[in-house]
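Chemist: Take this structure, written in structure tokens, and hold onto it; I'll ask about it next.
Set out below in structure tokens:
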């Protein structure tokens, strides 16, 4: 009967709170006390909004009063200080607040209260008077009134303190006496002393000779203004004290005994209290009221469910469970978590000591695990919005079901649209009905929860000859109706806090926290399943990706730092899932670039945990990146995104099975001028260099890439001239949420220096390619470099930029090739490689000459031109006199260098840059250098 009464209360509260047409917010369950309000003053229920706020503040005040009482018992000064800190007393303190605190706070140390009230300080005396004013002594006999008074504290031992306390009591009792027995309050005071002494005499075991009634009456003669008190009155007092001692309790104890003093006090209070308070079941008050009983209610339901055997009682437990869930969805998340934790225990899926076979046997042959499992997943589907920490238990149950092979195939196909059999409440073959997916069971009786579980009972009474296969089929039918997949597909509707806890539980489970794997295959399947669920959550919430994924990323960082964390297979499964989410996220334009940065942060974190996954997952990565570049490149806005995409394309494209797809994606990117921007240009160059540097890549593909790189100078020219609308850079510069690491690099995208830096990066890529072991690639790269310089004439190169660019690209290339040629010359049987490198160096020297003459005018305007010119001559000299060891001198270079010098000097003389001028030794220095490099040109170029 007690259980049924509790369930009825829960149902009624749920029906009052969870109304179909009522959507007004309930507000917070508890609100802070932000200002001082006298906690003893009642507020009339006139305006509902004001009254609800008052009740909530009053509840919080009571909570803080109990905390203050705990502090008070340990240190009275700290307890009273806490009252001030908690806004429970005014500043300066109000004696009435202290009086109410002492009078009505349960559990206070009564010794401390007595010492405080007996203190002679003026403020303490005011508190004593206010404290005494709270008592109603009307209709009470003196001993009854004294008992009522002394029940609230313990008299101190000091006589002066006792006197002050009894004087305050005597004044109050005298004012409220209903007869004319006492002529003055002094009489009351004397008689109080006498009663206290009598109480000690009669009930102290150390007193051997007890006072008699006659002695008590004789001792109190003439105390009433010289007159005697009525003998019958004194006799009644004597017998009352002798029979029933005045209780003295040090610590606060809640006494529920209804003694005469309590009855009289109750009668007195009833005279000034309203006869009843009408309750109109305000939703907010119902929710707050249930919050006070939520913990015991969940514990009671759990205990009853555990020990009950009757089918009807089990159904009532389940009904009560859903009613609690209906209430808990309105701001009582902790209660819902507690409920889920309790009932997950009854599923038997979380028993760490049971083997899979034992767990499966119990699940198949016991009704409670089935009912608990259905209930838990139904709550997850219907009230997932309010689940917080409970997700961990749900995920643990889900993973155990997977290991037991009890999950239907639809759960593993989360990317496919849900089938009607899973998401539409129908009657399955098993005959088991389940609650509607509607998050509210608005009509408890109409919802038919009992009938939905009734068919589960029939499964428990199956024929004894049931085979294992039939058991598994029945189990699968039950689990299928739990609609596990819809929890994750429909996660777009749950609150961000709930989503955050769901993601945290999945990520930690994928990392192995709280999991035990018996075989590597089981670990691989479990981790993969967890990442499938994480992916499903990400795909369902791309519209608010920037709100929840930063926390998901922090969880990834956290699990990567676990002491026993293994990146395999975690990172491998993660990279696949993250790329699927990335494709979905970037399939539509994003208003902000934060989502893009978030997903690529996670992708980069995963492959850096274990770089081998770039090899094991190369085909999937290449397919995903190619799809991203070919179909959604316009939606890539950030440097981080482009850098990550092109880096992955470059790394995975090295594999023969991925090369064609990867290189085609790169060629498509470079060929389409609308896809190349100032943001992604440097990463395009790096990626292209990575493909060209592959040893066995097809020549025609490499030539195509090199041609596209050379032609990309036109992009630089257009950006420099401001004639090209760069969607990538515009989107990046227009975004307000940029990470600090990228802000500096994109701040000056439109500046001349930035464009020249991009050109230098292109030139350095050609320079590196010129060192390739394949002669065709080397030579073609140098010719492409020449082409790029020819196109770059439209860029505004000042003298300093010209010299810097020349030094970083042309000079560096010539020096590297010369060093490489000498390196081959020192090897045995390397004449072929050496001669090939010699031919490449010849082409490089010719390009050096052409580029020098192309930019001769701006170069000559630089103050460091003389030093630069000497650098040209030094490299001519180095090539002319290259020592090739056993392979003799370089005939090719010896024939080429004089012709190049002749072209350069004649051009300089035409431009009047090399003339004998007084005060300028450049003519003389050049003459000396030519005589040293190629004496045969001396007379031709410098006639006397």
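Numbering (our numbering), first residue to last: 0 to 943. In this text, a Cβ means the ideal position worked out from N, Cα and C, and glycines have one as well.
#1: Verify the CB distance criterion: does residue 360 have a CB-CB separation below 8 Å to chain C?
#2: Please state whether DSSP places residue 226 in a helix, a strand or coil.
#3: Do the CB positions of residue 530 and residue 510 come within less than 8 Å of each other?
#4: Report the rounded CA-to-CA distance for residue 253 versus residue 92, giving the unit in angstroms.
#5: Closest to residue 354 by C-alpha separation, out of 303, 789, 517, would be which residue?
#6: Does residue 365 come out as helix, strand or coil in the three-state DSSP assignment?
#7: In angstroms with no decimal places, state the Cα-to-Cα distance between residue 226 and residue 181.
#8: In terms of alpha-carbon separation, which member of 704, 686, 327 lies closest to residue 641?
#9: Please state the DSSP three-state secondary structure of residue 140.
#10: In angstroms with no decimal places, state the Cα-to-Cα distance between residue 521 and residue 284.
#11: Tell me whether the beta-carbon of residue 177 lies closer than 8 Å to the beta-carbon of residue 138.
#12: Tell me the rounded alpha-carbon separation between residue 770 and residue 692.
#13: Is it right to say residue 306 is buried, meaning 16 or more other beta carbons lie within 10 angstroms of its own, or is it exposed?
#14: Measuring straight from C-alpha to C-alpha, what distance separates residue 169 and residue 32?
#15: Inspect the CB distances between the segment 821 to 829 and the segment 771 to 791 and report whether three or more fall short of 8 Å.
#16: Within the same chain, show all residues whose beta-carbon is closer than 6 Å to that of residue 802, passing over the 5 residues directly before and after it, in chain order.
#17: Nearest-angstrom Cα distance between residue 502 and residue 541?
#18: According to DSSP, what are the bridge partners of residue 916?
#19: What residue from 192, 165, 805, 109 has the CA that sits closest to residue 151's CA?
#20: Taking 8 Å as the threshold, find out whether the segment 321 to 337 comes into contact with the segment 285 to 294 through three or more Cβ pairs.
#21: Please say whether residue 570 and residue 625 have beta carbons closer to each other than 8 Å?
#22: Just to confirm the assignment, what range does the alpha helix (DSSP H) spanning residue 9 have?
#23: With a Cβ-Cβ cutoff of 8 Å, do residue 643 and residue 679 count as a contact?
#24: Distance, Cα to Cα, residue 82 vs residue 123?
#25: Considering only the beta carbon of each residue, do residue 585 and residue 627 sit closer than 8 Å?
#26: For residue 4, which option in 202, 775, 316 has the closest C-alpha, if you only look at C-alpha atoms?
#27: Do three or more CB pairs link the segment 46 to 55 to the segment 71 to 86 at distances below 8 Å?
#28: Assuming residue 339 contacts residue 373 under a Cβ cut-off of 8 Å, what Cβ separation, rounded to an integer in Å, is found between them?
#29: Which same chain residues end up closer than 6 Å to residue 796 when comparing Cβ atoms and leaving out the 5 residues on each side of it in sequence?
#30: Shortest alpha-carbon distance to residue 492 belongs to which of 526, 515, 519, 536?
#31: Give a yes or no on contact between the segment 231 to 242 and the segment 196 to 213, applying the rule of three or more CB pairs nearer than 8 Å.
#32: Contact defined as beta carbons within less than 8 Å: I believe residue 619 pairs with residue 675. What is the distance between those atoms, to the nearest angstrom?
#33: From residue 916 to residue 929, what does the alpha carbon distance come to, in whole angstroms?
#34: Between which residues of its own chain and residue 845 is the CB-CB distance below 8 Å, once the five residues before and five after are set aside?
#35: Determine the DSSP secondary structure at residue 971, reduced to helix, strand or coil.
#36: When you compare each of 927, 128, 90 to residue 98 by their alpha carbons, which one comes out closest?
Modeler: Quick look at the numbers:
#1: In the structure shown, chain C does not exist; there is a single protein chain.
#2: Secondary structure of residue 226 (DSSP, three-state): strand.
#3: Not a contact, by the Cβ cut-off of 8 Å.
#4: Its pLDDT being 49, under 50, residue 253 is placed unreliably by the model, and the measurement read from it follows with that caveat. Roughly 28 Å between the two C-alpha positions.
#5: Per the Cα distances, 517.
#6: The answer is coil: DSSP assigns residue 365 none of H, G, I, E or B.
#7: When rounded, the distance between both Cα atoms is 10 Å.
#8: Ranking the options by Cα distance to residue 641, first place goes to 686.
#9: Residue 140: coil per DSSP, three-state reduction.
#10: One C-alpha to the other measures close to 50 Å.
#11: With a cutoff of 8 Å on beta-carbon distance, residue 177 and residue 138 are scored as near each other.
#12: Note on geometry: alpha-carbon atoms of residue 770 and residue 692 lie some 9 Å from one another.
#13: Counting Cβ neighbours within 10 Å, residue 306 comes out exposed, since fewer than 16 surround it.
#14: Distance between the alpha carbons of residue 169 and residue 32 is about 38 Å.
#15: By the Cβ criterion, the segment 821 to 829 is not in contact with the segment 771 to 791, since fewer than three pairs of Cβ atoms, one from each stretch, lie closer than 8 Å.
#16: Once the five neighbours on either side are set aside, the close Cβ partners of residue 802 are 861, 867.
#17: Their backbone Cα atoms lie some 14 Å apart in a straight line.
#18: For residue 916, DSSP records a beta bridge to 919.
#19: Nearest C-alpha to residue 151: 109.
#20: Result yes; three or more Cβ-Cβ pairs closer than 8 Å.
#21: No, these two residues do not count as a Cβ contact at 8 Å.
#22: In this chain, the alpha helix (DSSP H) harbouring residue 9 covers 1 to 16.
#23: No; because the gap between Cβ atoms is not below 8 Å, this pair is not in contact.
#24: Rounded to whole angstroms, the gap between the alpha carbons of residue 82 and residue 123 is 16 Å.
#25: Yes, the pair counts as a contact, with Cβ atoms nearer than the cut-off.
#26: When the alpha-carbon of residue 4 is set against those of 202, 775, 316, the nearest one is in 316.
#27: The segment 46 to 55, when compared against the segment 71 to 86, does not touch it at the 8 Å Cβ threshold.
#28: Between residue 373 and residue 339 the Cβ distance is about 13 Å, and since that is not below 8 Å, they are no contact.
#29: These residues qualify, in order along the chain: 857.
#30: Nearest C-alpha to residue 492: 536.
#31: A contact is defined here as three or more CB-CB pairs under 8 Å, and the segment 231 to 242 meets this definition with respect to the segment 196 to 213.
#32: So it is not a contact: roughly 26 Å between Cβ atoms.
#33: If I take the Cα positions, the gap works out to 18 Å.
#34: A distance below 8 Å between beta-carbons, with the five flanking residues on each side excluded, links residue 845 to the following residues of its chain, in chain order: 895, 899.
#35: Because the chain spans 0 through 943 in this model, residue 971 falls outside it and cannot be assessed.
#36: Answer by Cα proximity: 128.
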